[in-house]
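Presented below is the structure to which this report refers.
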Amino acid sequence: MARPTLNGPGGRSTSVPPLDTADMQGLVSRAYGHLPLARYLLCEVADAAAARGWLGSVAPGVSTAARRDEGCGLVVAFTYAGLAALGLDHDALATFPRPLQEGMVTPHRSRILGDDGPSDPALWRWGGPGTPVIHVLLVIYAPDEAEVERELGDRRAAFAGALAEIAPPIEGILQGGVEHFGFADGLSQPVLKGWPRRTASVRPAAPPPPMKWEEVNPGEVVLGYPDNYDKPAQGPTVGGKGTAAAALPPAPWAPGRRHLGQNGTFLVFRQLAQDVGAFRRHLDEASATTAARGTPLSPQEVGAKMVGRWPSGASLVMFPGGDPGGAGTNDFGYHEQDQTGFRCPLGAHVRRSNPRDSSAESPAKSLISSKNHRVLRRGRPYGLPLVDPPTQPGEEESAERGLLFLCLNSDFERQFEFVQHTWLDNGFFAGLCNEVDPLVGPQPESGGGFTVPDTPVRRRLTGVPRFVTTVGGAYFFLPGIRALEYLAALGA
Ligand code: HEM
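Just so you know, the sequence shown maps onto residues 2 to 493 in our numbering.
Structure below.
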């Protein structure tokens, strides 16, 4: 039986109910680009009743998608263990999706996510086996150092005795919308159909992306709304009795139960360390190799080919000749302009993570399929940039730096895990032979390959090191505001 399709070319149009943005946490609508400092607090529930009391007091002040926070922003999310520790009953816990129940570090998931070798969860700083169990993630966003310290102090005072921090806060800092390898990030995002206004991005200067490439049904990110299959994105449910449950909408697929997931979403959080020194050295070496073969690419061109965009964010498809500067636009596909990959290599990071309409047989179907695997990215860098020679401690090559990769999706397996496993880490993606994502893929110790199609002959770069290592991670449920209130009222 043919599956219903989304509102893309060739698909049918879905009308979506009004989006209740006041009940969604702010992370759904923004990456907090106006608040450059962030602290990620990993906590355990120290006392369930006190934790529920704390949650009841903070829930009304949690940032929502309906309003932009003028002061600081706050995000509250829970792991499966955290929901159990709060007192959610077994029947409700059993309705959470399997990846949330099992967590990110089962052997099966590690295989799917490519977490082996140096990314083995046994080596992780947090979230891995042998590290304290995470229950709650709090993210504080603030405009400057003074505010972040003040907010941190206030929040800690508020949860004292209820939550206990299990690791030092992780510090994220925006660096003008550029990640540590030197490329503009956070440019191409899915836009939810029916959204009341445009999503603010890390780089608001970017022109609004055209709907053709971006629009997905809201249920791709927010639970309770139609997804790309025109079915309500099903989240966890709870028994229907009690006043707290009455505030949640009924779950039509589970008669007698209420939808705890309504206006919530699922959050992927992975701390990805970036080896910037190795990246820069590789660009120089690969450039020298191409020169020696008589088909030179500059180090900047090698990097751009790996990412699929120039450092400014400009697309290689639109600007094959060089970086025009300025914020990148998103108005491009691959089928008509670059089916061969002469401009943007078939294995480039952006082409793998969102192949758009690249399939030769049916660009329209390819676009529909690509849209079924979108994630809403909400990450930001951590650590200071690599500066040579360093001007302050933390800028040296040996200091750790990377990306706090956060993304939202309604289906871990169909969205985040699919992108990571079937596109980024797939050695045979798009007909390639034994090469994974050149930027973020788990390269073999001996180095991987990267094909740069060109005429009359392609360039094949070898010895590509692993530049990105996973050092922590967990899956979370990011409830809507009413669901936070429900959780706070458990046991009442
Ligand atoms: C340290 C690790 C990573 C770095 C440095 C990185 C960097 C980038 C850059 C520079 C872009 C282009 C700008 C933009 O469209 O935002 C991009 C796009 C993207 N990345 Fe990553 N990325 C990383 C990891 C990941 C991971 C783990 C995933 C998913 C599993 C991912 C998914 C995406 C997606 C979906 C896009 C947008 C592609 C498009 O729609 O054209 N990235 N990334």
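From the three backbone atoms N, C-alpha and C, an ideal C-beta is built for every residue, glycine too.
What is the DSSP secondary structure of glutamine 393, reduced to helix, strand or coil? coil
Determine the closest residue to threonine 463 out of Asn435, Asp455 and Thr471, with distance taken between C-alpha atoms. Asn435
Proline 122 - containing beta strand (DSSP E), residue span: Here proline 122 belongs to no beta strand (DSSP E), and DSSP marks it neither H nor E.
Cα-Cα separation between alanine 206 and serine 411, rounded to whole angstroms: The pLDDT assigned to alanine 206 is 49, lower than 50, so where the model puts this residue is not dependable, and the model offers no usable value.
Taking phenylalanine 429 as the reference, give the member of Gly348, Pro364 and Gly384 with the closest Cα. It is Gly348.
Reduced DSSP secondary structure (H/G/I, E/B, other) of phenylalanine 478: Shown here, phenylalanine 478 sits in a strand according to DSSP, grouped into three states.
CB aspartate 455 to CB phenylalanine 320, shorter than 8 Å? no
Only counting runs of 4 or more residues, tell me where the alpha helix (DSSP H) segments fall wholly within the segment 26-94, in order along the chain. 49-59, 81-87 and 91-94
Just to check, is the beta-carbon of alanine 185 closer than 7 Å to a non-hydrogen atom of ligand 1? yes
Can you tell me where the alpha helix (DSSP H) holding aspartate 368 begins and where it ends? Inspection of the sequence shows that residue 368 is occupied by leucine rather than by aspartate. Note, leucine 368: alpha helix (DSSP H), 364-372.
Mind pulling the alpha helix (DSSP H) runs of 4 or more residues that sit fully within the segment 121-168? 146-160
Just to confirm, does histidine 283 get its C-beta within under 7 Å of one of the non-hydrogen atoms of ligand 1? Remark: the shortest separation between the CB of histidine 283 and any heavy atom of ligand 1 does not fall under 7 Å.
Pairwise C-alpha distance: glycine 154 and serine 370: 46 Å
How far does the alpha helix (DSSP H) with glycine 304 in it extend, from its first residue to its last? 300-308
If proline 312 and phenylalanine 184 are in contact, beta carbons under 8 Å, what's the gap, nearest whole angstrom? Sure, about 5 Å apart at Cβ, within 8 Å.
Alpha carbon to alpha carbon, how far is phenylalanine 160 from aspartate 186? Give it in angstroms, no decimals. 34 Å
Decide if the segment 383-396 is in contact with the segment 352-366; the criterion is three or more beta carbon pairs, one per stretch, under 8 Å apart. no
Which residues DSSP lists as bridging leucine 404, in chain order: Leu273 and Pro382
Give the secondary structure of alanine 3 by DSSP, where H, G and I count as helix, E and B as strand, and everything else as coil. Only weak support is given to the placement of alanine 3: the predicted model assigns it a pLDDT of 37, under 50, and the value that follows is read from those uncertain coordinates. It is coil, neither helix nor strand.
Rounded to whole angstroms, what's the CA-CA distance from leucine 479 to proline 108? Just pull it up for me. 25 Å
So the candidates are Phe468, Gly54 and Ser360; which of them puts its Cα closest to the Cα of alanine 274? Checking every option, the nearest Cα to that of alanine 274 belongs to Phe468.
Using a Cβ-based criterion (distance less than 7 Å to any ligand heavy atom), does asparagine 355 qualify as near ligand 1? yes
Limits of the alpha helix (DSSP H) - the one that leucine 114 falls within: 108-114
For glutamate 446, count neighbouring C-beta atoms within 10 Å of its own C-beta (all shown protein chains included) and say buried if the count is 16 or more, exposed if not. Using a 10 angstroms sphere on the CB of glutamate 446, the tally of other CB atoms stays under 16, which defines it as exposed.
Taking DSSP as the reference, what is the three-state secondary structure of leucine 462? Shown here, leucine 462 sits in a strand according to DSSP, grouped into three states.
If you measure from the CB of serine 111, is any heavy atom of ligand 1 nearer than 7 Å? no
Let me check one thing: in DSSP terms, what residues is histidine 260 bridge-paired to? Thr238
Regarding valine 420 and ligand 1, is the C-beta to nearest heavy atom distance less than 7 Å? yes
If you draw a straight line from the C-alpha of isoleucine 141 to the C-alpha of glutamate 152, how long is it? 8 Å
Of the listed residues Ala143, Glu45 and Ala52, nearest to glycine 34 (C-alpha basis): Ala143
Please indicate yes or no: does the CB of leucine 175 lie closer than 7 Å to some heavy atom of ligand 1? no
Just curious, the beta strand (DSSP E) that valine 453 is in, first and last residue? For valine 453, the uninterrupted beta strand (DSSP E) segment begins and ends at 449-453.
For glycine 9, name the three-state secondary structure that DSSP assigns. No answer about glycine 9 holds up, because its pLDDT of 41 lies below 50 and its placement is not dependable.
Taking 7 Å as the cut-off, is the C-beta of leucine 404 nearer than that to any heavy atom in ligand 1? yes
Cβ of alanine 493 within 8 Å of Cβ of alanine 245? yes
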